[in-house]
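Have a look at the structure below, then the notes.
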Amino acid sequence: MAGGTEIVAHRSGIEKAVAGLILVACAFYCFHALGLNFGSLSNPRSGFMPSVIGVSATVLAAVNLVLTLRKHRMAEADEVALDRYTALNLLMALAGTIAFLVLLDLAGYVVASALYLLFLTKLTRSPGWLVPMAVSIGATGFFYFCFVMLLGVTLP
1 MAGGTEIVAH
11 RSGIEKAVAG
21 LILVACAFYC
31 FHALGLNFGS
41 LSNPRSGFMP
51 SVIGVSATVL
61 AAVNLVLTLR
71 KHRMAEADEV
81 ALDRYTALNL
91 LMALAGTIAF
101 LVLLDLAGYV
111 VASALYLLFL
121 TKLTRSPGWL
131 VPMAVSIGAT
141 GFFYFCFVML
151 LGVTLP
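Numbering (UniProt numbering), first residue to last: 1 to 156.
What follows is the structure, given as structure tokens:
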């Protein structure tokens, strides 16, 4: 079983390296985004959203790196198996994302986003239709309100 342990150790090293690279990429993006004209909350400029996204991504990447390091320090090894169901879900999510991009151009943000979020919530085996529909319509409405009403951004 020593061979299995070596494979798991190799995977944990790859996970740590990927988490570190993601943090470096996010920090690089954040550094350059903060150099843009931020403006203010009441009068955002071109650097407002890139700065918010850069800081958020860097914080989340740092949390991911810490959790990855702790996971491999605390647990000896968790084998990751990609079963047939998980692989199918991954391919379905990818196909849904491509369909979202096509539908975004054809039907616009509101319709494409609502359908995409409904598809993703049903893909995760959410029971029934009421909660997934409420989540997809609510999230789409929230982002529409934030970008169009508050920030005055024109969505496709």
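Here a beta-carbon is modelled for each residue, glycine too, at the ideal position from N, C-alpha and C.
In the DSSP assignment, R84 falls within the alpha helix (DSSP H) that extends over R84 to A107. In this structure, DSSP gives G128 a state outside helix and strand, which the three-state scheme calls coil. Taking S136 as reference, the option from A27, V66, V24 and A112 with the minimal CA-CA separation is A112. Residue environment for T58: buried (at least 16 other C-beta atoms within 10 angstroms of its C-beta). With a contact defined as Cβ atoms closer than 8 Å, G47 and L60 miss out at about 20 Å. The three-state reading of DSSP puts P44 in strand, counting E and B together.
Between the beta-carbon of T86 and that of A114 there is about 26 Å, and that puts the pair past the 8 Å contact cut. Excluding five sequence positions before and after L65, the CB atoms of its chain that fall closer than 7 Å to its own CB belong to A19, G20 and L23, given in chain order.
Its chain contains V148 as the residues whose beta carbon lies nearer than 8 Å to that of T154, once the 5 sequence neighbours on both sides are disregarded; these appear in chain order.
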